[in-house]
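Asker:
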Amino acid sequence: LLPNRRTTTYVDLFQRFKEEAIRKNKIFKQKYIVSDFELALVSAVHTEFPNSLHSGCYLHFLQAVHRNIANLGLVSEYKENETIREQCLQLMALSPMPPAEVEKQFKRIRALSSDSLDDLFTYFQRRFEALNNR
Numbered sequence: 001l002l003p004n005r006r007t008t009t010y011v012d013l014f015q016r017f018k019e020e021a022i023r024k025n026k027i028f029k030q031k032y033i034v035s036d037f038e039l040a041l042v043s044a045v046h047t048e049f050p051n052s053l054h055s056g057c058y059l060h061f062l063q064a065v066h067r068n069i070a071n072l073g074l075v076s077e078y079k080e081n082e083t084i085r086e087q088c089l090q091l092m093a094l095s096p097m098p099p100a101e102v103e104k105q106f107k108r109i110r111a112l113s114s115d116s117l118d119d120l121f122t123y124f125q126r127r128f129e130a131l132n133n134r
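So in the UniProt record's numbering, the last spot in the sequence shown is 134, and the numbers never skip.
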């Protein structure tokens, strides 16, 4: 367990992994990394493993979207309004797509979305941009 969720803490952890690998005559070089969408962790992964393919965990993504639906007071609409629910599900379906396709489909879905989902789409857009502008 780590004392906080700062980029520097994650960088320190990864450097310790690398040092331990060297001590054991191994190389700690990850080809693929899957993590949650915590920005500090994502930043540390990109700093310490710039050549690794990093993707976000789909379960964590779905949890984040559902959490935001609740935080934005959209639970009733999500449950009762099929159009709203369908638009949220389309948003959730973007995660496994390649980034260029995510952008294209996000614009399409957002253009057709209900006004009540503006804050949810803004959250997603900001998170996507932060994860992809490293």
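In this text, a Cβ means the ideal position worked out from N, Cα and C, and glycines have one as well.
Based on the DSSP output, what are the partners of glycine 73 in its beta bridges?
Answerer: In DSSP, glycine 73 forms no bridge with anything.
Asker: If we count the other Cβ atoms within 10 Å of its Cβ and call it buried at 16 or more, is cysteine 57 buried or exposed?
Answerer: Exposed, because fewer than 16 other Cβ atoms sit within 10 Å of the Cβ of cysteine 57.
Asker: Where does tyrosine 32 land, buried or exposed, given buried means 16+ other C-beta within 10 angstroms?
Answerer: exposed
Asker: Give the C-beta separation of tyrosine 78 and arginine 67 to the nearest angstrom, bearing in mind that I take them to be a contact with Cβ-Cβ under 8 Å.
Answerer: Rounded, the Cβ-Cβ distance is 12 Å, inconsistent with contact.
Asker: According to DSSP, simplified to helix, strand and coil, what is leucine 53?
Answerer: strand
Asker: Are the region 118-131 and the region 25-40 touching by the rule of at least three beta carbon pairs closer than 8 Å?
Answerer: yes
Asker: Once the 5 residues before and after aspartate 115 are set aside, which same chain residues still bring their CB inside 7 Å of it?
Answerer: none
Asker: When DSSP labels each residue in this structure, what does isoleucine 109 get in the three-state scheme?
Answerer: Three-state DSSP puts isoleucine 109 in a helix.
Asker: In chain order, which continuous runs of the alpha helix (DSSP H) of length 4 or greater are located wholly inside the UniProt domain "MULE transposase" (1-63)?
Answerer: 7-23 and 39-48
Asker: Could you name the residues of the same chain whose beta carbon sits closer than 8 Å to that of arginine 6, not counting the 5 residues immediately before and after it, in chain order?
Answerer: Ala40
Asker: Per DSSP, what kind of secondary structure is serine 116 in: helix, strand or coil?
Answerer: helix
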